[in-house]
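Peer 1: Have a look at this one before I ask anything.
Residue numbers (this note's numbering): 11 to 294.
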């Protein structure tokens, strides 16, 4: 069994497709509840994980495909101490919108009907595309594989009545109070925010606020804030800003806290992430 010293984390940015590809090998890390601002399409190459996504429980194993929409809350941990080998691609909403336009002729964002697709042949297609990205393939065969993969996902697993992730049913929408709290956190993430601030803004007791927010969003207010901070930190790191400055600009109390939380959510350190675009996918 691989131990922590044998973990390999490889990240590559593909300029042709404008997507990130992640490859984790021998991972034991538990990832806390969080979300991303982009689509994640991945598969389990080896190992087994307990997954909680949008408050639904799953056990995913080798060959299973996972799909996260932007803002899908999720957390996972090892099953019986098994290490994880995992590959995924991350697609920004604007890139997804353009890709769907190419495939369907409609400028929309897809809403997939399943977060987990068990024992899917899509895993093989995704692995083939992922290897092309990791190997720096520049031939148009890579783009062909990318579009065919998305076409299959859209055709077989996208909800034809949910043309945009912003058009969910009213029952799935957060309440006005919780939505206003999310907007406040997203606007003021770089500032020091207290639970008292949020309580006053919502007109709720601290406990009632915590319970209502967590029930509706599937994530606590503090975890939501930290995730927003990390997503904004990534954008600054991609511009080659030093991590100490990024920590300051995104509201973290110190660089150590920033580094530790970044690695817990993303799987690599801020400095490793910052080097991705220059190093073009070396083992990190």
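Backbone N, C-alpha and C define an ideal beta-carbon position, used for all residues, glycine too.
Note that the structure is a prediction, hence the values are computed from the model and not measured.
Just checking residue 40 against the ligand ZN - is the residue's beta carbon closer than 7 Å to any of the ligand's heavy atoms?
Peer 2: As for the ligand ZN, it is missing from this structure, which has no ligand bound.
Peer 1: Can you have a look at residue 57 and say buried or exposed, based on whether 16 or more other CB atoms are within 10 angstroms of its CB?
Peer 2: buried
Peer 1: For residue 102, which residues from the same chain have a beta carbon less than 6 Å from its beta carbon, with the 5 sequence-adjacent residues on both sides left out?
Peer 2: Apart from sequence neighbours up to five positions away, the residues of its chain that approach residue 102 with a beta-carbon distance below 6 Å are 48, ordered along the chain.
Peer 1: Using C-beta distances below 8 Å, list every residue in its chain close to residue 191, excluding the 5 sequence neighbours before and after it, in chain order.
Peer 2: 208, 211, 212, 219, 223, 231
Peer 1: When DSSP builds the beta bridges, which residues end up paired with residue 262?
Peer 2: In the DSSP output, where bridge partners are listed per residue, residue 262 has none listed.
Peer 1: Please classify residue 176: does DSSP put it in a helix, a strand, or coil?
Peer 2: The pLDDT assigned to residue 176 is 44, lower than 50, so where the model puts this residue is not dependable; a value taken from the coordinates is nonetheless given after this. For residue 176, the secondary structure class from DSSP, reduced to helix, strand or coil, is coil.
Peer 1: Within the same chain, show all residues whose beta-carbon is closer than 8 Å to that of residue 174, passing over the 5 residues directly before and after it, in chain order.
Peer 2: Model confidence at residue 174 stands at a pLDDT of 48, short of 50, so the residue's coordinates are unreliable and nothing is read from them.
Peer 1: Which of the three DSSP states is assigned to residue 181 in this structure?
Peer 2: Reliability of the predicted coordinates at residue 181 is poor, the pLDDT of 38 falling under 50, and the value obtained from them is presented with this limitation in mind. Correct three-state label for residue 181: helix.
Peer 1: Opposite residue 88 in the DSSP bridges: which residues?
Peer 2: 59
Peer 1: Spell out a yes or no on whether the stretch 79 to 96 and the stretch 132 to 150 are touching, meaning 3 or more CB-CB pairs, one atom from each, closer than 8 Å.
Peer 2: no
Peer 1: Thinking C-alpha only, which one of 214, 199, 123 is nearest residue 206?
Peer 2: 214
Peer 1: For residue 200, does the three-state DSSP call read helix, strand or coil?
Peer 2: Assignment of residue 200 by DSSP, reduced to helix, strand and coil, places it in the coil class.
Peer 1: For the candidate residues 248, 165, 256, whose alpha-carbon lies nearest to that of residue 200?
Peer 2: 256
Peer 1: Taking the alpha carbon of residue 60 as the reference point, which residue from 71, 251, 23 has its own alpha carbon closest?
Peer 2: 71
Peer 1: State the Cα-Cα distance for the pair residue 267 and residue 259, rounded to the nearest angstrom.
Peer 2: 14 Å
Peer 1: Taking buried to mean at least 16 other C-beta atoms within 10 Å of its own C-beta, is residue 111 buried or exposed?
Peer 2: exposed
Peer 1: Below 6 Å CB to CB, which residues in the same chain sit around residue 128 once its five sequence neighbours on both sides are set aside?
Peer 2: 74
Peer 1: How about the stretch 61 to 69 and the stretch 13 to 30: do they share at least three Cβ pairs that are nearer than 8 Å?
Peer 2: no
Peer 1: State buried or exposed for residue 45, treating a residue as buried only when at least 16 other CB atoms are found within 10 Å of its CB.
Peer 2: buried
Peer 1: Taking only the alpha-carbon atoms, compute the straight-line gap between residue 291 and residue 273 and give it to the nearest angstrom.
Peer 2: Here residue 291 scores only 48 on pLDDT, less than 50, and its place in the model should not be relied on; the value that follows carries that caveat. Their Cα atoms are separated by approximately 17 Å.
Peer 1: When the Cβ atoms of the stretch 239 to 254 are set against those of the stretch 90 to 104, are three or more pairs found closer than 8 Å?
Peer 2: Short answer: they don't touch.
Peer 1: Are the beta-carbon atoms of residue 157 and residue 187 separated by less than 8 Å?
Peer 2: no
Peer 1: Within its chain, find whatever has a CB closer than 6 Å to the CB of residue 40; leave out the 5 residues flanking it on each side and keep chain order.
Peer 2: 87
Peer 1: Quick check on the burial criterion: 16 or more other C-beta atoms within 10 angstroms. Buried or exposed for residue 152?
Peer 2: buried
Peer 1: Verify whether the separation of the beta carbon atoms of residue 203 and residue 99 is less than 8 Å.
Peer 2: no
Peer 1: From what residue to what residue does the beta strand (DSSP E) around residue 223 run?
Peer 2: Counting along the chain, residue 223 falls outside any beta strand (DSSP E), though it belongs to the alpha helix (DSSP H) covering 216 to 227.
Peer 1: What does a CB cutoff of less than 8 Å around residue 123 pick up in its chain, not counting 5 residues either side in sequence?
Peer 2: So the list reads 167, 168, 169, once near-sequence residues are dropped.
Peer 1: Is residue 262 buried or exposed, if buried means 16 or more other CB atoms sit within 10 Å of its CB?
Peer 2: buried
Peer 1: Roughly how many angstroms lie between the CA atoms of residue 155 and residue 115, to the nearest whole one?
Peer 2: One C-alpha to the other measures close to 19 Å.
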